[in-house]
Amino acid sequence: MTTTGGSSRGRLRTSFAKSEALDPFYSGGAVAVTSDAAWIAATFGTDVHMVEARTSRILHKIAGDGEDIQSLTLSNDDTYLVTASRSLALHFYVLPGMEHVRTISKAHEAPVALMAVDPTSSLLATGSADGSVKIWDMRGGYCTHVFRGHGGVISALCWHVESPSKAGRRVQLFTGCVDGKVRVWDLHGHKKAMHAKPSAVLNAHAGVVRGISLSSDGQTLVSGARDQTLVFWDARDGHWHRREIQLAHERIEALHFLPDVPYFITAGSRGALRVWDTQGRVVSEQTVERVDEDDEDELRGLVDAVLASNTIVTVSATQDLAFFVWDGQLVQTRQLVGYNDEIVDLALVQTHYLAVASNNSQLRIYRLDTQDRDHDVALVDGHSDMVLSIDTNGEWLVSGSKDHTARIWARVHDGRHGWVCLGVCEGHAESVGCVVFSKKEDAPFVITASQDRTVKLWDLSVLTNDSRNVKLSSLLTLKIHDKDINSIDIAPNNALLVSGSQDRTAKVFRLHYVPPRKNAKPTASLELLSTCRGHKRGVWSVQFSPAEQAFATASSDQTVRMWSLKDFTCVRVFEGHTGSVLRLRYTPSGTQIVSSGNDGLIKIWNVRDEECAVTIDAHEDKIWTLVVRDETPTTPLQIVSGAADSTMAVWNDTTEVVEAEQAAAAKDAVEREQAFTNLVLLQDYRSAIALAFQMNQPRRLLQLFAQVAASRPEEDAIASMERLFQDALGTADAQSGSITGLATVDDILRDLPRSQLAQLLVYVRDWNTSARTSPIAQLVLHAIVRQWDAESILDAIEDARASLQVSAVALLEGLVPYTERHYARVDRMLVESAMLEYTLQAMDTIIGE
1 MTTTGGSSRG
11 RLRTSFAKSE
21 ALDPFYSGGA
31 VAVTSDAAWI
41 AATFGTDVHM
51 VEARTSRILH
61 KIAGDGEDIQ
71 SLTLSNDDTY
81 LVTASRSLAL
91 HFYVLPGMEH
101 VRTISKAHEA
111 PVALMAVDPT
121 SSLLATGSAD
131 GSVKIWDMRG
141 GYCTHVFRGH
151 GGVISALCWH
161 VESPSKAGRR
171 VQLFTGCVDG
181 KVRVWDLHGH
191 KKAMHAKPSA
201 VLNAHAGVVR
211 GISLSSDGQT
221 LVSGARDQTL
231 VFWDARDGHW
241 HRREIQLAHE
251 RIEALHFLPD
261 VPYFITAGSR
271 GALRVWDTQG
281 RVVSEQTVER
291 VDEDDEDELR
301 GLVDAVLASN
311 TIVTVSATQD
321 LAFFVWDGQL
331 VQTRQLVGYN
341 DEIVDLALVQ
351 THYLAVASNN
361 SQLRIYRLDT
371 QDRDHDVALV
381 DGHSDMVLSI
391 DTNGEWLVSG
401 SKDHTARIWA
411 RVHDGRHGWV
421 CLGVCEGHAE
431 SVGCVVFSKK
441 EDAPFVITAS
451 QDRTVKLWDL
461 SVLTNDSRNV
471 KLSSLLTLKI
481 HDKDINSIDI
491 APNNALLVSG
501 SQDRTAKVFR
511 LHYVPPRKNA
521 KPTASLELLS
531 TCRGHKRGVW
541 SVQFSPAEQA
551 FATASSDQTV
561 RMWSLKDFTC
571 VRVFEGHTGS
581 VLRLRYTPSG
591 TQIVSSGNDG
601 LIKIWNVRDE
611 ECAVTIDAHE
621 DKIWTLVVRD
631 ETPTTPLQIV
641 SGAADSTMAV
651 WNDTTEVVEA
661 EQAAAAKDAV
671 EREQAFTNLV
681 LLQDYRSAIA
691 LAFQMNQPRR
701 LLQLFAQVAA
711 SRPEEDAIAS
721 MERLFQDALG
731 TADAQSGSIT
741 GLATVDDILR
751 DLPRSQLAQL
761 LVYVRDWNTS
771 ARTSPIAQLV
781 LHAIVRQWDA
791 ESILDAIEDA
801 RASLQVSAVA
811 LLEGLVPYTE
821 RHYARVDRML
831 VESAMLEYTL
841 QAMDTIIGE
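Letter 470 of the sequence shown, counting from 1, is numbered 470 in full-length UniProt numbering, and no numbers are missing.
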């Protein structure tokens with residue numbers, strides 16, 4: 001075990017294992033929820049993911065037919081999952097095992113846009129882009145009704161089944177279309193009606209109808225459309241009569257009546273879930289923070305809402321799922337992120353919150369230390385464009401964005417998640433790509449770097465946790481590079497600033513900040529100390545060492561360089577990445593550097609010897625960001641990585657565990673070696689052979705068989721060689737005794753378990769490839785084939801095929817050619833020895849004894 005200074009903090013880390021991964025599970029499209037809201041069925045391209053709602057863990061991955069999933073639904077009794085893809089096929093699966101039970105090919109002439117299962121879970125309605133609706137028997141898989149005559153793509157479906165207690169109960173289907181009309185279809189029992197006409201056509205909307213729902217008593221129908229209207233219909237005299245039209249002030253995307261109460265919910269382009277009464281009044285509304293009250297950005301809107309008993313699940317345009325319960329008012333209970341897009345930066349706030357910046361204007365903040373992987377996520381609004389960079393001082397969070405601003409955030413105890421904006425830094429002319437906090441608490445400032453090639457220092461002394469959106473002032477503005485600034489960092493003592501740029505240089509500045517006093521305002525200055533040149537391409541990341549007077553830079557030239565702060569020369573070069581190095585971080589002890597690149601690899605470098613200690617194949621795409629989390633009494637050192645593949649992973653340091661396992665394995669190996677030696681000395685060959693198999697040490701077995709073969713009575717060299725080859729080839733005299741040299745060993749080979757027999761044949765194949773060990777291999781092979789019949793040998797090999805990863809044919813193909821070669825060599829040797837004996841006898845005849 002390598003240590004530095006004898007402390008665990010300074011130990012070189014040589015092994016890491018993934019402890020947790022935050023994988024994307026929803027890429028947009030249809031979503032369904034089980035009746036207890038415990039599972040989510042979410043589309044992910046051509047596949048369907050079954051996700052545990054509490055933890056966002058993917059429980060099942062259902063492979064599709066190669067075409068994108070257009071729609072899916074779950075039966076109300078949680079028995080069936082039905083998917084429809086662009087291949088026009090319907091696929092039926094049975095829960096909970098996700099067993100595929102049925103496929104209906106070409107269910108429609110065009111892709112199925114949406115589906116709905118009736119309350120009894122016996123009928124499935126499919127609405128297609130071809131303007132038709134079909135009714136299917138869920139268990140039989142056959143079509144019972146076809147409804148045509150719509151004016152375009154089907155955009156909404158709603159079932160109405162009267163109570164079973166009513167005589168001759170009616171089963172109705174309400175359909176909405178892009179022509180703005182709602183059609184009512186009566187299903188008389190299950191009699192097939194291929195050319196039925198609607199019992200009513202309700203004209204009310206000028207846009208696409210996206211939501212239709214009936215009250216629990218069946219007397220009130222509400223329809224919502226993208227024309228921003230809600231239309232209320234009353235049932236009188238067996239007909240539907242329009243009561244009123246209500247302006248919703250948003251494009252409606254989903255509408256559902258809540259069970260057993262006269263309220264319904266709507267979700268739409270404004271991004272807020274609302275609860276209405278049947279008189280058209282909003283009784284409760286989701287609180288949504290907005291940059292602009294008139295903002296109706298498509299990325300902030302809701303595209304769907306799913307009702308599961310008393311739980312409402314909303315789906316946003318950014319693939320986020322929010323869970324609500326209705327208890328007289330809307331209460332949000334959970335937020336899940338289905339897809340993070342490209343993750344560009346991470347930061348640990350207050351040790352257990354992970355802030356994530358992705359291709360989104362919202363900050364996403366995960367809680368890392370919750371029990372049972374309860375991944376409730378806080379979505380923090382404030383920026384109007386994509387967040388590019390984040391940093392933390394342990395308590396506060398700063399974010400830089402494409403909207404040319406930086407914002408200071410804190411977690412306070414108001415609101416559900418309590419993340420509020422304390423201050424706003426406005427002044428840059430381009431995107432803010434780098435942000436960094438002061439390293440000391442007595443110097444409250446933050447430095448931002450922008451695409452306008454300038455850095456600004458902002459005074460934070462005016463902020464407290466009670467501040468809200470305070471406009472901050474910059475104490476200095478300085479252009480420091482000729483191209484984009486990719487990274488900045490402040491020294492641990494706040495005395496220096498280092499920057500890395502696309503102009504291939506890193507620059508070091510002397511930083512001086514004076515906090516405000518009674519009669520003096522704060523001041524700040526930057527003085528260029530050195531420009532470090534050496535990288536052949538742009539510098540992506542910089543960081544000061546926490547242990548030495550040095551800093552490190554990572555570049556697109558595939559290297560990491562370490563620079564001295566004494567003379568600003570490059571003192572070490574770390575080479576090994578096969579692509580651009582995008583981010584580096586020192587470990588807390590400063591003895592190692594963690595780097596990541598566009599090759600999807602994480603490498604841990606030993607600073608002292610420039611060696612790569614660990615390489616982790618972490619992601620399938622470029623890794624933009626890393627966070628190193630220091631060890632605590634309860635958790636090891638961790639690396640958190642975020643990549644362009646939308647995944648985040650937590651890697652635990654397992655150095656101590658691996659070293660302990662290796663030490664235990666080495667100790668066990670020594671003990672077994674000694675036990676094997678003792679068994680051989682005691683001539684307990686049965687136990688020795690069993691132990692050799694257990695240790696998986698063919699070399700030990702080879703030595704044992706060689707020792708047994710050499711235990712015969714002494715013979716001259718040629719006789720001994722002839723005896724060995726005769727035994728190996730099976731030509732020895734039957735009266736000569738055992739095959740291997742000891743009858744006991746022959747008996748052991750005859751009584752071997754089948755698994756060990758197969759393993760021994762693999763060893764024999766390997767020994768047979770060398771002329772030095774082939775006599776022993778042939779000897780053991782002869783003993784096996786003499787005492788085992790061919791069928792038993794083949795059965796033993798086939799039984800062990802999975803564990804040995806070899807077939808009988810492959811084993812024979814490895815044995816026969818070498819055996820023939822050895823036989824030919826032995827034959828030549830016998831001929832040559834006979835010629836030698838003849839020559840010696842002739843010489844004796846001529847020259848005498």
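We treat Cβ as the ideally placed atom computed from N, Cα and C, and that holds for glycine.
- As the crow flies, the alpha-carbon of L702 is around 28 angstroms from that of V831.
- Around the C-beta of D442, fewer than 16 other C-beta atoms lie within 10 Å, and the residue is accordingly described as exposed.
- For a cut-off of 8 angstroms, the C-beta gap from V283 to W240 is around 24 angstroms, too long to register as a contact.
- A straight-line Cα-Cα distance of about 37 angstroms links D403 and W39.
- W605 and A613 have their C-alpha atoms some 6 angstroms from each other.
- The region 201–213 makes contact with the region 253–266, as at least three CB pairs between them are under 8 angstroms.
- Per the C-alpha coordinates, the member of N469, I408, V432 positioned closest to M386 is V432.
- DSSP places K566 outside any alpha helix (DSSP H), giving it a letter other than H or E.
- I784 and A663 have their C-alpha atoms some 38 angstroms from each other.
- Membership of W767 in any beta strand (DSSP E) is not indicated; the residue belongs instead to the alpha helix (DSSP H) covering 754–767.
- A direct Cα-Cα distance of roughly 21 angstroms separates L273 from H205.
- One alpha carbon belongs to V762, the other to A790, and they sit about 16 angstroms apart.
- When secondary structure is reduced to three states using DSSP, Y339 falls in the coil class, being assigned neither helix nor strand.
- By the criterion of a C-beta distance shorter than 8 angstroms, R537 is surrounded in its chain by R504, S555, S556, D557, S580, once the five residues flanking it on both sides are discounted.
- Straight-line spacing of the CA atoms in D186 and K197 works out to 9 angstroms.
- In this structure, the straight-line span from the alpha carbon of Q279 to that of S216 is close to 15 angstroms.
- By the neighbour-count criterion, in which a residue is buried when 16 or more other Cβ atoms sit within 10 angstroms of its Cβ, H100 is exposed.
- The continuous stretches of alpha helix (DSSP H) do not include H241, which lies in the beta strand (DSSP E) extending over residues 239–247.
- In this structure E798 is in contact with A808, their Cβ atoms being roughly 6 angstroms apart against a cut-off of 8 angstroms.
- Rounded to the nearest angstrom, the Cβ distance from A800 to Q759 is 7 angstroms, consistent with a contact under 8 angstroms.
- Three or more Cβ pairs closer than 8 angstroms define a contact, and the region 547–554 meets that threshold against the region 492–508.
- Note that the C-beta distance between L691 and A675 is below 8 angstroms.
- In this structure the region 91–106 lies against the region 129–145, because at least three pairs of beta carbons, one per stretch, are closer than 8 angstroms.
- With a cut-off of 8 angstroms on Cβ pairs, the region 28–38 is not in contact with the region 623–641, counting fewer than three such pairs.
- The secondary-structure analysis by DSSP pairs E99 across a beta bridge with V94.
- The alpha carbon of Q246 has as its nearest neighbour, out of V261, D260, Q228, D234, the alpha carbon of Q228.
- For V514, the uninterrupted beta strand (DSSP E) run begins and ends at 505–514, by DSSP.
- The straight-line gap separating the alpha-carbon atoms of S687 and N678 is approximately 10 angstroms.
- Counting only the Cα atoms, Q70 lies some 9 angstroms from G45.
- Here L472 is actually not in contact with L457; their C-beta atoms are around 10 angstroms apart, not less than 8 angstroms.
- Inclusion of Q319 and L379 in the CB contact set at 8 angstroms is not warranted, their separation being larger than that value.
- In the same chain as V816, and ignoring 5 residues on each side of it, no C-beta atom comes closer than 8 angstroms to its own.
- Between P546 and G590, the C-beta spacing is below 8 angstroms.
- Scanning its chain for C-beta atoms nearer than 6 angstroms, with the 5 sequence neighbours on each side dropped, one finds around V171 the residues V161, L187, in chain order.
- A Cβ-Cβ distance of about 6 angstroms is found for the pair S358 and E342, placing them in contact under the 8 angstroms criterion.
- For the set G400, R468, R300, N493, the Cα lying nearest the Cα of I485 is the one of G400.
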